[in-house]
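Everything on this sheet refers to the single structure shown next.
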Amino acid sequence: MEFSLKWLKRYVKTDLGHEKIAEIFTEQGLTVDSIIEKENDIIFEIDITTNRPDAMNYLGLAREIAASGYGEIVYPEVTVEENTSCKASDFVSVEIEDTRCKRYVARVVKGVKIGHSPDWMVELLESVGIRSINNVVDITNFVLWEMGHPLHAFDYRFIEGKKIIVRSAREGEKFTTLDGVERVLNPSDLLIADTKRGIALAGIMGGENSEIREDTQDVVIESAYFDPATIRKTSKRLALHTDSSYRFERGADIEILKKAADRAAQLMVEYAGGTLCSETIDVYIEKFEPVKVRLHLEKVNNVLGKKIEPSFIKKTLNNLGFDLIDEGDNYFDYSVPSYRVDVWREIDLIEEIARMYGYNRFDSTLPLIVTPGKTKTDRDKAIEIINEELLKAGFFEAISYSFCSKKDNLVLNPAIKDMVEISNPLSENMSVMRTTIFASLFYPFSKNVNYGNRNTRLFEIGKTYVKKEELAKEEHFVSAIAVCGEHGKYWDGTVQKVDFYRLKGIVEAIVERVKGAKVEFESVDWPCFKKGHGAVILLNGKEIGAIGEFSESVLRHYEIDLPAAGFEVSIDRIIEGGLKEFKYKPFSLFPKVERDSAFIIDKTVKFSDIEKVVQSLNIPFLVDFSLFDRYEGKGIPEGKVSIALNFVFQSKDRTLNSEEVNQLHEKIIKEIIVKFGAELR
Amino acid sequence: MKQVLEKIEEYKKQFEEELKKVESLKAFEELRVKYLGRKAGIVKSLLDLLRTVDRDFKPKLGQEINKFKVFVEQSLKEAGETVKKKQQELEEKKKFFDITLPGFKSLEGGRHPLTITRQLIEEIFVSMGYDIASGPEVESDWYNFEALGIPKTHPARDTQDTFYISEDVVLRTHTSNVQIHVMKTRKPPFKVIMPGRVYRKDADITHSPMFHQVEGLVVGENITFQDLKGTLDTFLKKLFGENARLRLRPSFFPFTEPSAEVDVSCIMCGGEGCRVCKGSGWLEILGAGMVDPVVFENVGYDPEKVTGFAFGLGVERIAMLKYGISDIRLFFDNDIRFLKQFR
């Protein structure tokens, strides 16, 4: 909010320069964001928090400076000369039908001459960006900025039936505000009406039908108080925000109404040549009772941690307008001024004391409570291992949005129901919460690939969101996506490849390290994966995730022109039931004996079946068994592959002899040949 | 005899030619055997020839053959040194190992700068005895707003443009909702921080519809405003260095009273005033305050018995300051050219 130094200085006597004034404002909680030096004025851009409508005007700001002890407030002299030959009640009466209006004050100024405002007023208004309209309207604006209360001026000619009625709008009632826009109202809106129609949208904007015109002669000044929530609701619904609504919705000063009306009347007499009719119409349906607050001195010190002198408290609160109505040995009773709508409790007074004392004069101490710091949870430990494995494999961590489009979720899982939908999204691309991290992680993945990074490898640790009753089931997952292919080559010819099996190895390592268990993979035909290239990941028979090479439809959807593979695993499901426990097992000190054999075998024989067969033999001393080469192509018949297996034999308590190992090895070979029609190479 | 002498002359020439061509030790040895070999060397063959010539010529011829032999021996001796040296050099060359060849690096990977920053913040607070808690992101209006003293009609709702799931469910606009969950499930005293994703309907160079906050909450008997100040002072010095200074400005949050906006002396210019701090010397870094009694009442605590403070800071804001990043969108673009700078 902009304020002019020149205007401010009308109400405060001080020797302070503008920089010092800005500093005081900032220290007292009215942060000066910037100071703009103009030709013959200084403009402060002040960030006034929503709880301080009392400071959103010049007198309020002057009060803050005065309270700091650096200046003296100068109130404008409000004196009205009434002409007893006319009475306001002869012109108009006021009826409050809807009690969301707590008070309505009206004054009548007769015989005004609409024209220009005096130059000084035009200049002041323009300094804070308010365009001069005419003397009467300018005066209402001037009073708003001077003392903070929004006023409205009606052309008396257009008040039908000599009566102002404050009522709720009727369902569908049409009303044209003075910006020329026709608004459709409903009973939640408060309307100022005459006997026939609305003439102003209460607290927000006047009506086109009753605005001040060039030939206006008699003016009715409205100075009223409206319920903040009502004004806010209407203003928000109609997206109609004005200086007036801004103040009413934050809380106006119900006790200043008469004074504000008088001030406007005084200025209209002086600058618009009007005559002020006697009588002030004042319908006050709920008399203001000042809030009384007891301040315990001990509580001040308990909350702030510093002993504040009672004399300082008294002086400060007095300067801010709080009335000391009683005091005891260890308490003060205060009456809160009507303009301080933010103060109604002891803690609010303590804040006043703290801010006037100066936040920066407080000491720095640490809480005197001893609490143990956090130790890692199972999830933290799992995430640490997951990070290690993925960093080792050369993946970059990404953080993508938790939301995506419906289509994104559906492309990855057409069966998904229960999406968490955002009712007011920024765009269709951010309209639902992701049900899989893939849905959003593919965006940065695609961007990187299309920027020319042909070996993109990304992972993300985050949540997925599925509707659960009113809220969502939020589950922690790790998800990784990589381009399939060569990702690097050393100058000695070694190739760094990333593909399905590399990703599978990462998943296996993660679960092995976190859980000490082996995962199983079960082939699935999901539309997100290339046919035959996708699998669900099972841990102890329970599904914990999926892995695969992505299908054309996914790649096309995200505009990716390279093959890609990925996995997604639920961290929460892995850690369920605890983590791997470490227990030392003595290792054999006797030599290992290794045997290799290669077979030519049907390509369709699954490796897991070979594993099962070997295991089922229960060969003694077989401690390890692995695939170390797999080859198809030249020299191997079509439809067949060559696989080379390595077997390791070892005993815990003796050295094995060649002969017995050969026999065991032979047994395995025979079984593989018989079971799979393999051929020894 | 003349013939033999001519032959010796010829051999001499031939030897000299051949010697010139010798480079390796192996060729050198072959040459030696060819001329001096005991069984079939050229010198041997000449000596064999000597037996067949006239006695009169024998001494003279013997002398010539011997001269040739000595010449060959002498030449070979001289050349042998050079060849050996050459051979040694070659051996050395073959052994050369270039330690300056590029090393074999693993594929590059790294953590996201926001994760790094969040962990840095967490570490500082954990070292000060804080626990870490978390809470839901899809949240009821009550936890996100009402319990924190922000009813539907509160103007403070304007400053937090909210994504709604339904009338009573929102994407949390701050991590303050976790304060309520923590207080409802724990008994004071406690010190907790609560990191997480938050959402606001806002998108430009300094605003992202999704961003990260770390909330802090300390509740117990006699927790004071000075404790809040000291805690934040300690934190900011650990984060930005011992020279960091702290400034508190009175502010307003519905769930704290008194409330403060906390600034740190500009980490770019040290407080002199620069482009980053817009000349003020200060950077707005977090919001904080004493827990408002209304919040305690909402969670069933007695505000006469306990006090507490809370604070909330933006992880992106701190990362942007620490790393000199001016566009918040870079964090969520996840461009590897950006990410690799933090590995």
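Chains as they are written, first to last, in the working numbering: chain A, 1 to 681; chain B, 682 to 1024. The C-beta atom is built at its ideal place from N, Cα and C for all residues, glycine as well. These numbers were taken from a predicted model, which means no experiment stands behind them.
Whole-angstrom distance between residue j and residue i, CA atom to CA atom
i	j	result
residue 720 (chain B)	residue 737 (chain B)	27 Å
residue 802 (chain B)	residue 440 (chain A)	26 Å
residue 204 (chain A)	residue 241 (chain A)	7 Å
residue 617 (chain A)	residue 660 (chain A)	16 Å
residue 143 (chain A)	residue 225 (chain A)	15 Å
residue 348 (chain A)	residue 233 (chain A)	26 Å
residue 7 (chain A)	residue 75 (chain A)	13 Å
residue 978 (chain B)	residue 989 (chain B)	13 Å
residue 583 (chain A)	residue 509 (chain A)	18 Å
residue 928 (chain B)	residue 94 (chain A)	51 Å
residue 250 (chain A)	residue 919 (chain B)	39 Å
residue 638 (chain A)	residue 557 (chain A)	36 Å
residue 565 (chain A)	residue 551 (chain A)	9 Å
residue 236 (chain A)	residue 230 (chain A)	10 Å
C-beta atoms of residue i and residue j nearer than 7 Å
i	j	result
residue 105 (chain A)	residue 277 (chain A)	no
residue 966 (chain B)	residue 996 (chain B)	no
residue 925 (chain B)	residue 859 (chain B)	no
residue 952 (chain B)	residue 946 (chain B)	yes
residue 574 (chain A)	residue 515 (chain A)	yes
residue 458 (chain A)	residue 437 (chain A)	no
residue 1009 (chain B)	residue 889 (chain B)	yes
residue 494 (chain A)	residue 466 (chain A)	no
residue 352 (chain A)	residue 102 (chain A)	no
residue 63 (chain A)	residue 73 (chain A)	yes
residue 512 (chain A)	residue 538 (chain A)	no
residue 891 (chain B)	residue 878 (chain B)	yes
residue 292 (chain A)	residue 335 (chain A)	yes
residue 100 (chain A)	residue 30 (chain A)	no
residue 872 (chain B)	residue 899 (chain B)	yes
When the options are compared against residue i, the one with the closest alpha-carbon
i	options	result
residue 145 (chain A)	A:445, A:57, A:471, A:311	A:57
residue 1090 (chain B)	B:770, B:923, B:985	What the structure shows of chain B is the stretch from 682 to 1024, and residue 1090 (chain B) is not part of that stretch, so it cannot be assessed.
residue 33 (chain A)	B:983, B:976, B:959, B:1003	B:959
residue 363 (chain A)	B:757, B:1009, B:905	B:905
residue 881 (chain B)	B:741, B:871, B:855, B:863	B:855
residue 461 (chain A)	A:84, A:368, A:569	A:569
residue 621 (chain A)	A:630, A:607, A:637, A:648	A:648
residue 684 (chain B)	B:699, B:698, B:734	B:734
residue 635 (chain A)	A:675, A:604, A:681	A:681
residue 535 (chain A)	A:547, A:528, A:542	A:547
residue 320 (chain A)	A:20, A:419, A:59	A:59
residue 158 (chain A)	A:200, A:589, A:342	A:200
residue 337 (chain A)	A:4, A:317, A:355	A:317
residue 129 (chain A)	A:562, A:154, A:44	A:44
Three-state secondary structure assigned by DSSP to residue i
i	result
residue 303 (chain A)	helix
residue 453 (chain A)	coil
residue 763 (chain B)	helix
residue 159 (chain A)	coil
residue 963 (chain B)	strand
residue 899 (chain B)	strand
residue 824 (chain B)	helix
residue 121 (chain A)	helix
residue 931 (chain B)	strand
residue 650 (chain A)	coil
residue 665 (chain A)	helix
Residue i CB to nearest heavy atom of the ligand MN below 6 Å
i	result
residue 642 (chain A)	With respect to the ligand MN, the structure shown offers nothing to examine, as it has no ligands at all.
Please specify which runs of the alpha helix (DSSP H), each continuous and at least 4 residues long, are wholly inside the segment 522–567 of chain A, giving them in chain order.
List check, alpha helix (DSSP H) in window: 552–557.
Quick one: complete alpha helix (DSSP H) runs, 4+ long, within the segment 271–349 of chain A?
Listed in chain order, they are 297–304, 310–319.
Whole runs of the beta strand (DSSP E) within the segment 415–498 of chain A, excluding any shorter than 3 residues
The segment 415–498 of chain A contains these whole beta strand (DSSP E) runs: 457–468, 471–483, 485–489, 495–498.
For the segment 183–218 of chain A, list the beta strand (DSSP E) runs that are entirely contained and at least 3 residues long, ordered along the chain.
For the segment 183–218 of chain A, whole beta strand (DSSP E) runs of length 3 or above, ordered along the chain, are 190–193, 198–201.
Complete alpha helix (DSSP H) runs within the segment 966–997 of chain B (minimum length 4 residues, chain order)
Complete alpha helix (DSSP H) runs here, min 4: 974–979.
Run through the segment 34–67 of chain A for me and flag every whole beta strand (DSSP E) of 3 or more residues, listed as ranges in chain order.
Runs found: 41–47.
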